[in-house]
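Asker: Below: one structure in structure tokens.
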Amino acid sequence: MRQILSGVLAISIGLVPVTVPLMVQQSWAQTQDLQAEWEALLDQADQHTERWQYEQAIETLQQALDLARKLKNKQQEALVLHDIGFNYYRLAQYQQSLDYYNQALSIRQEVADKSGEATTLNNIGEIYIIIGSTQKALEYLNQALPLSQEVEDHSEEANILANIGRVYFIIGQTQKALDYYNQALPLSQEAEDGSEEANILNNIGRIYNFIGQSQKALEYLNQALPISKEAEDGSEEANILNNMGKIYKDIRQPEKALEYYNQALLISRELGYRSGEATTLNNIAEIYYSIGQPKKALVYSNKALTIHQEVNNRYGEAAALNSIGQIYTKIGQSEKALKYLSQTLTIHQEVGYRSGEAVALNSIGQVYTKIGQSEKALKYLNQALTIHQEVGYRSGEAAALNNIGQVYINIGQSEKALKYLNQALTIHQEVDNPYGESAALNNIGLTYRNIGQQKKALKYLNQALPIIREVHNRPMEATVLNNIGLVYGDLWQPKKALIYYNRALPIIQEVNNRSMEANILNNIGAVYNNIRQRQEALNYYNQALQISREVSYRSLEATTLNNIGVVYHDIGQHPQALEYYNQALPIIREVNNRSLEATTLNNIGLAHLNIGEPQQAIVNFKQAVTITLELRGGLQRENRKSFLQSNRGSAIALTNLLIEQNQPEQAFEWLNRYSTAELADYTRLIDAQVSNSQAQQALERWNQKNQQLEVLHQQLQNQFSEELSRHFRQLEAEVNQEAEEISRQYPEVAELLEITPDDIDKLQASIPDGTVVIQPMLLNNRRYFSNSIAIFILTKDQPITVKKLPVDPDELDKLITDYREILQNRFAIGFRDKGTELYDLLIRPIEDQIQALSPNQLAIIATGKLRYIPFETLYNRDTGKFLIEDYPINYFTRLSVNSLQLRDTGNSPSLQRGALGLGNPIPEEPYNLPGAEAEIKILPNLLPGSEIYLGNDATVERFKYHASRFPVIHLATHGCFEAEGCCLGEKEDCDGVRRIDMEPNTLLFADEPFNIANAARLGMKDTELLVLSACQTALQEESDGREIAGIAYLFERAGAKAVMASLWNAEDDTTSEIMTQFYQNLNQGMSKGEALRQAKLEQVDRHPFYWSPFILIGNAQ
């Protein structure tokens, strides 16, 4: 991961003592003597300053200050005050410096010394830049600029413009910074101020290096170097040489970097510029570290530290301590790293250097991240983030965001990681920082990998790689190569994985990053284990283990111990495997890596299972699943399914074992809990409490609106009016929209929607008498168990039972796909053969149990692609009957529990209120549905009190405003639930280049399409049945049938007790016949389930294409 180092790039400040013409009063001899003494003291102080003897300079200037006050010469007093401030600045004692500058400023304003005022304002601005108060700095610099322009001091004007450019560079506006530097450059040239010109060119080069344009940076520095020599400004010359060395270091030319650093070192020593000497020594240390000589690096950094301490340069002392701390961090000596970084932090806090304080906090946070102390890491990193945001240092802000994201990756909170990393990426792109941008892209890719979205992971990692190579960041290149290898390992492409790991390993060895070396060795070991080269795997794992222990990399030590255990498991040495897992577990808990803890508990469970201790295995599997579900709690809804899918091994293992141990109730509970709420029941938000204060406030606002909605609903039931209905719809839309938003925004709210053990109990208690519930669940994607399907049977009063059978997931998938294609093609044959195969798989194993229970209704909880097939068509070859000929069949979703709990008893008198019917809204091709129109026209005869709207009258508005008035709503209009949209023409019209007549997830109305997502906003609490008689869905290769469940659950969430929908767009006339018969059966007192069954049986001798697409979801009573 990317580490944030304090900058060792020396920047010329541009502050110089300022002299003014001396006004000598020739009144008496004593005054002349005092004046001469004052001048001598000022000369002496200047010499001390030029020799970097700042404390001696201050002592001399204090004497000069007393004389200036005796002389009662305000200009001289201001000059001395200013020079004392300058020397305190050089000592990094910024508050003292500001005190003296402000005294000087007050006098210069009083005597109208505009030139001096501009200089002092500029220097105050520079201090505010250093201590991180960038807005305050701009205030002073923008006051100074017009004054320098008024007195036509081009040299000072150039200096001020350069400092404004420096502020904009710090806050991430690199182009604006360049604009100011480029304004300053010609002014310095006009003023023939070689030192300032060199300084500006130097800083322009620094910006180009920052944005990854190293060659352009060198062009500017090569211009600056001879100018500084000509101006005989040795300190600026050394500064430029240092920066040139830094560029060559960044582009991996260490020998050339050392060449420039050694030139800078020689100049600083010749000048006696000890702080400059120390800065260069620190830079040389960086080179030796980068070429794998950390011991030599420490020698140079410690020399730098000693010098900074000798000359009392606290800023330089902190920089050297930080570098030493970073070296110890990278070589894995965490305690020593924390010792030095803590000293760095103390100094920055004492001198008031807020940006430096933030860098130190960030570095400490990274050490705690590395040793797995996540809470401490977040504490320090969040402090760093706050400071960077306060001072406006955008690159620092992005670095802190990136590192916080890394912590959340490590502890398995991927959603939080993505939030911080995307913020970091945006900032890095805005400030044109390619180093930071590539780090953020890498970490985003790693996060997507962690939640099982490998394609997205590769997308981000492959975006990062060329950026990194362009700026020659070798350690980061190795990191990204390693992570690409990880993704290919996930995708079971071991050869590709090894290619990337073996590219990364020599790079990371070259730069001597031992922690990362151990990571890559561990990952190579994992690949060799996967391809069954066990000894080779152990060789790499043991190398990784040794290094991780040497550098105190605790989380990797635990990972490697776990992986060694996996090797012993794979070669059948289970006691040895358990030994290694048990060594790993306490370390993992110590570093609080919850994701790795779940993995290790899963492996411990497998070891116990393999040595014949199933109860111990169950305990560990349950702990593993519990942790995974806790981690799910930190994810937003959109990421939950892929996260659970990529971490489902423990849940499958636990379910298998519980079934084998004859604990079907427990198996059913854990398998259903290990899911995510595709079907969100927003009633769970009523009076809910969560820990996140922002989420809680949002919930409370929602609850207030929901209470208002309940009041309106009651008023509407008592007395219907168009105005009240309109008001109700508007408020209802707001309530449901807010519920959707807060459940997606806040993981804590999303967690309220997930299945709990209470939900399982409620489902079973709500099952109607005489109903048998069947839930087939595929148990696959598990390395250590054979693939199988578990078929659970539930009734109201009997214990849950289960049958488990072996199955090939790919063959089952193909069978479902082939069967669905046969069913929706009226000319296809073979539906009985395929139907028999599915009957024998899904019904035959439990046939005796079903018969023994003598049900009057079968309810199916279908999952995955089983949602695509009507179970009614499953064919019993022994009896020559379809399943519907034996039983009425309906389908449950999770929300069906609500409708079952609210079910009416007996024949509902509400049918006497009639139905709302809307049909054939666009009676022209390809939308025309004449049969659907006939369905609607017959409603008033079948259900007196019905209102019907056809053609142009079948509008969305009528649907919305009248829906709550009727117990039955019949929409005889096209519904499109295909992912890519729907073609409504004949087969020849829709083959080839696909014609799109309807957008996906919409219902057709006369005025506008109705997005199905908005169905949840409708008030249907009194709706017994919603009929969608012309829906169209299609089996997609990557889909799992969620769109079919989605049709029903959106209307169920709106309050409808049952929904009838079609799996495909059946033939128009047959649909009309089935619907007519269905309503006639209802009028005769049949339940909804039986009424639909009898209507279908009238057509059962025909191809299932005609009668089977209509399914009843929800309460069938």
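Here our numbering = 1-based position in the sequence shown + 429. The C-beta atom is built at its ideal place from N, Cα and C for all residues, glycine as well. From a predicted model like this one, the values you see are computed outputs, not experimental measurements.
Helix, strand or coil for residue 1537, going by three-state DSSP, please let me know.
Answerer: Here residue 1537 sits in coil by DSSP.
Asker: Compute every distance between the C-beta of residue 1232 and the non-hydrogen atoms of the ligand SAH, then say whether any falls below 7 Å.
Answerer: Annotation note on the ligand SAH: not contained in the displayed structure, which lists no ligands.
Asker: Could you give the uninterrupted runs of the beta strand (DSSP E) lying entirely in the stretch 491-542, keeping only those of 3 residues or more?
Answerer: Runs found: none.
Asker: Determine the burial state of residue 1502: buried for a count of at least 16 other Cβ atoms within 10 Å of its Cβ, exposed for fewer.
Answerer: So residue 1502 ends up on the buried side.
Asker: Going by the beta-carbon positions, is the gap between residue 372 and residue 1193 smaller than 8 Å?
Answerer: Nothing about residue 372 can be read from this structure; the chain reaches only from 430 to 1546.
Asker: Less than 8 Å between C-beta atoms, sequence neighbours within five positions excluded: which residues of the same chain meet that for residue 567?
Answerer: Result list for residue 567: 554, 593 and 596, in chain order.
Asker: May I ask you to list the residues that DSSP assigns as paired with residue 1320?
Answerer: According to DSSP, which records beta bridges pairwise, residue 1320 is partnered with 1289 and 1542.
Asker: Can you give me the C-alpha to C-alpha distance between residue 670 and residue 898, rounded to a whole angstrom?
Answerer: Whole-angstrom Cα-Cα distance: 25 Å.
Asker: Classify residue 1204 as helix, strand or coil using the three-state DSSP reduction.
Answerer: Here residue 1204 sits in strand by DSSP.
Asker: Can you give the Cα-Cα distance for residue 1051 and residue 1083, rounded to whole angstroms?
Answerer: For residue 1051 and residue 1083, the distance between alpha carbons rounds to 7 Å.
Asker: Which class does residue 1177 belong to by DSSP, given the choice of helix, strand or coil?
Answerer: Here residue 1177 sits in helix by DSSP.
Asker: If you drop the 5 nearest sequence neighbours on each side, which residues of the same chain put their C-beta closer than 7 Å to that of residue 457?
Answerer: Bear in mind that a pLDDT of 42 at residue 457, under 50, signals an unreliable position, so the number given afterwards is only what the model happens to contain. Nothing listed; no residue qualifies.
Asker: In terms of alpha-carbon separation, which member of 1539, 1530 and 1078 lies closest to residue 1314?
Answerer: Taking only the C-alpha atoms, the option nearest residue 1314 is 1530.
Asker: Shortest alpha-carbon distance to residue 1290 belongs to which of 984, 1189, 1370 and 1172?
Answerer: Considering only alpha carbons, the answer is 1189.
Asker: By the DSSP assignment, the alpha helix (DSSP H) with residue 788 in it spans what residues?
Answerer: Start and end: 783-799.
Asker: If contact is defined by three or more beta carbon pairs under 8 Å, each pair taking one atom from either stretch, is the stretch 657-665 in contact with the stretch 676-686?
Answerer: Flag = no, the stretch 676-686 and the stretch 657-665 do not touch.
Asker: Rounded to whole angstroms, how far is the Cβ of residue 1010 from the Cβ of residue 991, which I believe are closer than 8 Å?
Answerer: Contact flag correct, Cβ pair sits at about 6 Å.
Asker: Buried or exposed: where does residue 1149 fall if 16 or more other Cβ atoms within 10 Å of its Cβ makes it buried?
Answerer: Label assigned to residue 1149: exposed.
Asker: Can you grab the Cα-Cα spacing for the pair residue 1130 / residue 1122, in whole Å?
Answerer: Taking the straight line from one Cα to the other gives about 12 Å.
Asker: Could you tell me how far apart the beta carbons of residue 1036 and residue 1007 are, in whole angstroms, since I believe they sit closer than 8 Å?
Answerer: At roughly 4 Å, the Cβ-Cβ gap stays under 8 Å, so residue 1036 and residue 1007 are in contact.
Asker: Is it right to say residue 1540 is buried, meaning 16 or more other beta carbons lie within 10 angstroms of its own, or is it exposed?
Answerer: That one is buried.
Asker: If contacts are defined as beta-carbon pairs under 8 Å, then residue 835 and residue 872 qualify, I think. What distance do you get, rounded to the angstrom?
Answerer: About 6 Å; that satisfies the 8 Å criterion.
Asker: Residue 427 to residue 1294, Cα distance in whole Å?
Answerer: One cannot answer for residue 427 here, as it falls past the ends of the chain, which runs 430 to 1546.
Asker: If you drop the 5 nearest sequence neighbours on each side, which residues of the same chain put their C-beta closer than 6 Å to that of residue 1027?
Answerer: Closer than 6 Å at Cβ, skipping near neighbours: 1053, 1056 and 1057.
Asker: Within its chain, find whatever has a CB closer than 7 Å to the CB of residue 1095; leave out the 5 residues flanking it on each side and keep chain order.
Answerer: Contacts found: 1087.
Asker: Return helix, strand or coil for residue 1374, following the three-state DSSP convention.
Answerer: In the structure shown, residue 1374 sits in coil (DSSP, three-state: anything other than H, G, I, E or B).
Asker: Three or more C-beta pairs closer than 8 Å, one from the stretch 750-757 and one from the stretch 765-774: is that the case here?
Answerer: Because the criterion of three Cβ pairs below 8 Å is met, the stretch 750-757 and the stretch 765-774 touch.
Asker: Alpha carbon to alpha carbon, how far is residue 527 from residue 520?
Answerer: Residue 527 and residue 520: Cα-Cα distance of roughly 12 Å.
Asker: With DSSP as the reference, identify every bridge partner of residue 1348, one or two as the case may be.
Answerer: The partner list for residue 1348 (beta bridge, DSSP) reads 1379 and 1401.
Asker: Specify, as a first and last residue, the run of the beta strand (DSSP E) that residue 1218 falls within.
Answerer: Element bounds for residue 1218: 1217-1223.
Asker: Quick check on residue 1474: does DSSP put it in helix, strand or coil?
Answerer: Bear in mind that a pLDDT of 49 at residue 1474, under 50, signals an unreliable position, so the model cannot answer this.
Asker: Might you give, ordered along the chain, the residues of its own chain that have their beta carbon closer than 7 Å to the beta carbon of residue 986, omitting 5 neighbours on each side?
Answerer: Excluding sequence neighbours, residue 986 sits near 974, 977, 978 and 1016.
Asker: Is residue 1093 helix, strand or coil when you go by DSSP?
Answerer: Helix at residue 1093.
Asker: Please determine, among 523, 1545 and 1255, the residue with the shortest C-alpha to C-alpha distance to residue 1317.
Answerer: Closest by alpha carbon: 1545.
Asker: What are the boundary residues of the alpha helix (DSSP H) that residue 923 is part of?
Answerer: Residue 923 -> alpha helix (DSSP H) spans 923-939.
Asker: Could you tell me which residues DSSP puts in a beta bridge with residue 1456?
Answerer: DSSP lists 1399 and 1489 as partners of residue 1456.
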